[in-house]
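Heads up: the sequence shown begins at 0 in numbering that gives the first Met the number 0, then just goes up one per residue.
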Amino acid sequence: MLRLPTLLCAALVVLGCNERPSERYGMPTADELPQLRAQALAGSRIAARKLSLWHMKLPDGKNTYEYWTQVGANNEDAIAQYNLAMIYLLDKPDVPGNKERGLFWLEKAAAGGSTKAAAELRARTRVGENGP
0 MLRLPTLLCA ALVVLGCNER PSERYGMPTA DELPQLRAQA LAGSRIAARK LSLWHMKLPD
60 GKNTYEYWTQ VGANNEDAIA QYNLAMIYLL DKPDVPGNKE RGLFWLEKAA AGGSTKAAAE
120 LRARTRVGEN GP
């Protein structure tokens, strides 16, 4: 089962940089959270990403991290789509339907330009996990 530090490392790999996510996207303050929530729910990819990163840092933030990652994925954020796919495929693989959900989001992320998602799809195809 993946832990939040593992997901943070995965997020750093996905971002393709040596920067911390807070440096690249500006970690919000607690006062900014209500406005970011409204923006994310109105379709802002960046607001959803900031919220997921905020909650990733909290000891009990796993569920809210996943929630805001889902919002970002729905807002067409390829990074969030990839991260959500990895949650389904790696963190919760035994839950019925999660393989299909994970592959759905992996395909969307690859179509949205995520090179990590495209590489993951190719790797899964090579080992037969994604059909012929």
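Yeah, the Cβ is synthetic: ideal placement off N, Cα and C, and Gly gets one too.
Pair within 8 Å by beta-carbon distance, W67 and L50: yes
Cut-off 7 Å between Cβ atoms - residues of its own chain near Q38, not counting five sequence neighbours on either side: A46
Per-residue DSSP class, three states only, for P33: helix
Rounded C-alpha distance that separates A122 from A79: 20 Å
Inter-residue spacing [alpha-carbon to alpha-carbon] between E65 and A118: 23 Å
Alpha carbon of G112 to alpha carbon of N74, nearest angstrom: 14 Å
Reduced DSSP category for T124 - H, G, I as helix; E, B as strand; rest coil: helix
C-alpha gap between D93 and P33, whole angstroms: 35 Å
Contacts around E106, its chain only, beta-carbon distance under 8 Å, and the 5 residues preceding and following it disregarded: A116 and L120
Option in A72, P58 and R100 with minimal Cα separation from G42: A72
Limits of the alpha helix (DSSP H) - the one that T68 falls within: K61 to N73
Helix, strand or coil at G28 according to DSSP, with G and I counted as helix: First, the amino acid is wrong: residue 28 is Thr here, not Gly. Shown here, T28 sits in coil according to DSSP, grouped into three states, outside any helix or strand.
Min CB distance Y66 to chain D below 8 Å: The structure shown contains no chain D; it is built from a single protein chain.
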